[in-house]
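K.L.:
Residues 341 to 495 in our numbering are what the sequence shown lists, from first letter to last. Beta carbons are placed, not taken as given, at the ideal position from N, Cα and C, and that holds for glycine.
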Amino acid sequence: MTSGGDRRSKPIALRVLQGNPGKRAINRNEPQVEPLADLRPPTWLDATARRCWRENAPVLARYGLLGEADVMAFGLYCQAWSRYRATQTALREIKPDDERYRAIVITLEKAEAAMRAIAGEFGMSPQSRARLSVTGGPKDVDPMEELLSGRRSTG
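1. On the CB-based measure, 16 or more other CB atoms within 10 Å of its CB, does tryptophan 421 come out buried or exposed?
2. Between which residues of its own chain and glycine 477 is the CB-CB distance below 7 Å, once the five residues before and five after are set aside?
3. Considering phenylalanine 414, what are the terminal residues of the alpha helix (DSSP H) in which it resides?
4. Please classify leucine 379 as buried or exposed, where buried requires at least 16 neighbouring CB atoms within 10 angstroms.
5. With distances taken from CA atoms, which of Leu448, Met464, Ala443, Val411 is nearest tryptophan 384?
6. Let me know the secondary structure DSSP gives proline 375 once reduced to three states.
7. Which of the three DSSP states is assigned to glycine 460 in this structure?
8. Are there 16 or more other CB atoms within 10 angstroms of the CB of alanine 459, so buried, or fewer, so exposed?
9. What number of angstroms, rounded off, separates the C-alpha of cysteine 392 from the C-alpha of arginine 425?
10. Rounded to whole angstroms, what is the Cα-Cα separation between aspartate 386 and serine 465?
11. Just how far apart, CA to CA, sit aspartate 438 and arginine 432?
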C-alpha cells in the first residue's frame, strides 16, 4: 500500500466536472457507457433502497455519472443506505446495555463505510462535490471540445 492514499482513476465525466485539477492527461480511450435511459430502480432493491434510487439516480444521470454499467454499483449504494436507515431505527429502539447493541452499531458503521466509498465513486460526497466545476448544468457545450472535434457553434 502506498502512503499517497487511494490512487484509482476517476471516470472522465467526473474529472471534467471537477475541472481536472491535477492537469493529468485525460484518457480519450476510456470506455464510454450509454447513459441510463430507464431510471426506474432495479427490482432487487428493497423499498427504502428504491426510494434512495428514485431520489438520486436522476441527479447522477443528469450529470452523466450514471450509465448502464453503473446500475449494480449504484444499487449497492442504495442498499447500503437502506441498511444504514434500518440500523438507525433499530438503535433508537434498544438501550446501549442490550446485548444486540454492539452488533447493530457494527452493522451501522459498515453500511456507512460502504456508502462513503461508493458515494465517492459517483461524486456524491461533500468533498467530491466541492471539487466539481459546473458552469450552468450538464448541457453546456465545451468550446475547446467543439474546436477539437471540428464543430463550430453558430451562436
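P.N.:
If we stick to the structure as given:
1. The residue you call residue 421 lines up with position 81 of the sequence shown. The residue is buried, with at least 16 neighbouring Cβ atoms inside 10 Å.
2. Counting from 1 along the sequence shown, the entry for residue 477 is found at position 137. Residue placement at glycine 477 is flagged as unreliable, the pLDDT there being 49, under the threshold of 50; the coordinate-derived value follows with that caveat. There are no such residues.
3. Residue numbering aside, residue 414 sits at position 74 when the sequence shown is read from its first letter. Segment 411–433, the alpha helix (DSSP H) holding phenylalanine 414.
4. Counting from one through the sequence shown, the residue named residue 379 turns up at place 39. When all chains shown are included, leucine 379 counts as exposed.
5. Here residue 384 is taken as the residue at index 44 of the sequence shown, counted from 1. Nearest C-alpha to tryptophan 384: Val411.
6. Walking along the sequence shown from the start, residue 375 turns up at place 35. Looking at proline 375 - three-state DSSP - the assignment turns out to be strand.
7. In the sequence shown, the residue the question calls residue 460 occupies position 120. DSSP places glycine 460 in helix when its eight states are reduced to three.
8. Within the sequence shown, residue 459 is the residue found at index 119, counting from 1. Alanine 459 comes out buried.
9. Stepping through the sequence shown from its first residue, residue 392 is reached at position 52. Stepping through the sequence shown from its first residue, residue 425 is reached at position 85. Using only the alpha carbons, I get a separation of about 11 Å.
10. In the sequence shown, counting from the first residue as 1, residue 386 sits at position 46. In the sequence shown, counting from the first residue as 1, residue 465 sits at position 125. Roughly 23 Å separates the two Cα atoms.
11. Numbered from its first residue, the sequence shown carries residue 438 at position 98. Numbered from its first residue, the sequence shown carries residue 432 at position 92. So the two alpha carbons sit approximately 12 Å from each other.
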